Ligand SMILES: C[S@@+](CC[C@H](N)C(=O)[O-])C[C@H]1O[C@@H](n2cnc3c(N)ncnc32)[C@H](O)[C@@H]1O
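Residue numbers (the working numbering): 2 to 253.
1. Does the count of Cβ pairs from the stretch 133–142 and the stretch 59–72 closer than 8 Å reach three?
2. Can you tell me which of the three DSSP states residue 228 falls into?
3. Is residue 76 a contact residue of ligand 1, with contact defined as CB to any heavy atom under 7 Å?
4. Run the CB neighbour count on residue 30, radius 10 Å, all protein chains shown included, and call it buried at 16 or more, exposed below.
5. Below 8 Å on the Cβ atoms is my contact criterion, and I expect residue 33 with residue 73 to pass it. Report the Cβ-Cβ distance as a whole number of Å.
6. May I ask which residues mark the beginning and end of the beta strand (DSSP E) holding residue 136?
7. Residue 245 by DSSP, collapsed to three states: which one?
8. Taking the continuous alpha helix (DSSP H) assigned at residue 75, which residues delimit it?
9. Considering only residues of the stretch 162–208, which uninterrupted alpha helix (DSSP H) runs meet the minimum length of 4 residues and lie entirely inside it, listed in chain order?
10. What's the gap between the Cα of residue 188 and the Cα of residue 195?
11. Compute every distance between the C-beta of residue 108 and the non-hydrogen atoms of ligand 1, then say whether any falls below 7 Å.
12. When burial is assigned at 16 or more other CB atoms within 10 Å of the CB, is residue 2 buried or exposed?
13. How is the alpha helix (DSSP H) around residue 28 delimited, first residue to last?
14. Using only the heavy atoms of ligand 1, determine whether one of them is closer than 7 Å to the beta carbon of residue 193.
15. Which same chain residues, not among the five before or five after residue 87, have their C-beta less than 6 Å away from its C-beta?
16. Tell me the DSSP bridge mates of residue 111?
17. Could you tell me if the beta carbon of residue 115 falls within a distance shorter than 7 Å of some heavy atom in ligand 1?
18. For residue 251 and residue 47, what's the separation of their Cα atoms in angstroms?
19. Run the proximity test for residue 241: is its beta-carbon closer than 7 Å to any non-hydrogen atom belonging to ligand 1?
20. Please report the straight-line C-alpha distance between residue 211 and residue 227, rounded to a whole angstrom.
21. Exposed or buried, residue 114, counting other C-beta atoms within 10 Å across all chains shown (16 or more means buried)?
22. Buried or exposed: residue 131, going by 16 or more other Cβ atoms within 10 Å of its Cβ?
23. Determine the burial state of residue 96: buried for a count of at least 16 other Cβ atoms within 10 Å of its Cβ, exposed for fewer.
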């Protein structure tokens, strides 16, 4: 029997994002790693879904943290939302990415790779954050960082009643379920304009890919640490709802 042949991860790295952010020839969506078609006209729906899931955002005077805000619509919407609700907003990303966002009195920018380079901010805000947003970032953290180090640091930041949304996580198992279904085949054929069937392989080692086991592992670890944790679907009007899920964690 042949040994498994894990492919090298093709995900962008923190440094790739840094370079993209500094590249003026790229659109705001390309800077954060998306083709325009995936995000254009969709970002208000994304922010509305984030607000539905993180109920502390609706309150006044909360402390909010965004890990990896990027520099497109959701980051600008969040800044505006925090202004209107008198929230304090902490943003962690590369200096190149953060420099694309406005400087405001209620916004604290911290440049560095989370959590490895963010010891100071973790110490400063330990037990003080009411809502953490980490949207469309976990799959990059997964290949570059110890996942549970990321999770444990994030849990330690939450205040009593605090919430964390780890959103837009590509789930390889969900993707396989979808593309092995009749609807998934139709979706693929409409997308490619062909009659071909999508390629789906089971029982293979997939280095760098998040699957059910990883997501459920996060839920179990958060629960074991004393937090409520849930795996949530995305609304069907989001661009990758058929293969991405969200995790919501709440400190009781
Ligand atoms: C795909 S973009 C998502 C941007 C934004 N959250 C959104 O959904 O519009 C990923 C962002 O996470 C940042 N990022 C990736 N790994 C990170 C890490 N370990 N710490 C902080 N930021 C990170 C990247 O620089 C980039 O801005």
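The beta carbon of each residue, even a glycine, is placed where N, CA and C say it ideally should be. This one's a predicted model, so the numbers in the text were calculated from it and none came from an experiment.
With the given structure in hand:
1. Cβ pair count under 8 Å is three or more, so yes.
2. Residue mapping note: residue 228 aligns to position 227 of the chain shown, counting from 1. In this structure, residue 228 counts as coil in the three-state DSSP scheme.
3. Locating residue 76 in the chain shown gives position 75, where the first residue counts as 1. Yes; taking the cut-off as 7 Å, the Cβ of residue 76 has a heavy atom of ligand 1 nearer than that.
4. Working through the chain shown from its first residue, we reach residue 30 at position 29. With 16 or more other Cβ atoms within 10 Å, it is buried.
5. The sequence position of residue 33 within the chain shown is 32, counting from 1. The sequence position of residue 73 within the chain shown is 72, counting from 1. Between the beta-carbon of residue 33 and that of residue 73 there is about 6 Å, and that keeps the pair under the 8 Å contact cut.
6. Looking up residue 136 in the chain shown gives position 135. Bounds of the beta strand (DSSP E) holding residue 136 are 130–136.
7. Sequence index remark: in the chain shown, residue 245 carries index 244 (1-based). Correct three-state label for residue 245: strand.
8. Taking the chain shown and counting its residues from 1, one reaches residue 75 at position 74. From DSSP, the alpha helix (DSSP H) with residue 75 extends over 74–85.
9. Qualifying alpha helix (DSSP H) stretches, in chain order: 173–180 and 183–193.
10. Indexing the chain shown from 1 puts residue 188 at position 187. Indexing the chain shown from 1 puts residue 195 at position 194. Take the alpha-carbon of residue 188 and the one of residue 195: they are about 11 Å apart.
11. Within the chain shown, residue 108 is the residue found at index 107, counting from 1. The answer is no for residue 108.
12. For the purposes of this step, residue 2 is taken as the residue at position 1 of the chain shown. In this prediction, residue 2 scores a pLDDT of 46, lower than 50, which makes its location untrustworthy; the coordinate-derived value is nonetheless stated afterwards. By the Cβ neighbour-count rule, residue 2 is exposed, with fewer than 16 other Cβ atoms within 10 Å of its own.
13. Along the chain shown, one-based indexing puts residue 28 at 27. Looking at the DSSP string, residue 28 is not in any alpha helix (DSSP H), and its letter there is neither H nor E.
14. Within the chain shown, numbered from 1, the residue matching residue 193 stands at position 192. Residue 193 Cβ: outside cutoff for every heavy atom of ligand 1.
15. Taking the first residue of the chain shown as 1, we reach residue 87 at position 86. Within the same chain, Cβ atoms closer than 6 Å to the Cβ of residue 87 are found at 61 and 62, the five residues on either side in sequence being excluded.
16. Against the chain shown, residue 111 aligns to sequence position 110. BP columns for residue 111 point to 93.
17. Walking along the chain shown from the start, residue 115 turns up at place 114. Remark: the shortest separation between the CB of residue 115 and any heavy atom of ligand 1 falls under 7 Å.
18. Against the chain shown, residue 251 aligns to sequence position 250. Against the chain shown, residue 47 aligns to sequence position 46. Cα to Cα, the separation comes out at about 20 Å.
19. Counted from its first residue, the chain shown places residue 241 at position 240. For ligand 1, not one heavy atom lies less than 7 Å from the Cβ of residue 241.
20. In the chain shown, the residue the question calls residue 211 occupies position 210. In the chain shown, the residue the question calls residue 227 occupies position 226. So the alpha carbons of these two residues sit roughly 24 Å apart.
21. Here residue 114 refers to the residue found at position 113 when the chain shown is read from its first residue. Counting of Cβ neighbours within 10 angstroms places residue 114 among the buried residues, the total reaching 16 or more.
22. Reading the chain shown from its first residue, position 130 is the one you call residue 131. Sixteen is the threshold: when 16 or more other Cβ atoms of the shown chains lie within 10 Å of the Cβ of residue 131, as they do, the residue is buried.
23. What you label residue 96 is simply residue 95 of the chain shown in a count that begins at 1. Around the C-beta of residue 96, fewer than 16 other C-beta atoms lie within 10 Å, and the residue is accordingly described as exposed.
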